[in-house]
């Protein structure tokens, strides 16, 4: 299972599950809207864009946005 620990002041974070080869990539140009991509290290697709006001909210929204795509 993924443990998301991104902070609002980060422009990019990636999370990798070695047993399944699945990866989650999160990036932001303005640290307000965060684009979430899911896939592998070679290929991924955009699944959501989220906004958050603190680190906990951001990580919760990442978890919610990715849960239906990550069947671990």
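Residue numbers (my numbering): 105 to 176.
Beta carbons: idealized from backbone N, C-alpha and C, even for Gly.
The structure presented is a predicted model; accordingly, all values stated were derived computationally and were not measured.
About 6 angstroms separates the CB atoms of residue 163 and residue 110; that is less than 8 angstroms, so the two are in contact. Between residue 119 and residue 127, the gap from beta carbon to beta carbon is short of 8 angstroms.
By the CB criterion at 8 angstroms, residue 129 and residue 141 fall inside the cutoff. In summary, residue 124 is exposed, with fewer than 16 beta-carbon neighbours lying within 10 Å of its beta-carbon over all protein chains present. Residue 136 and residue 106 have their C-alpha atoms spaced approximately 22 angstroms apart.
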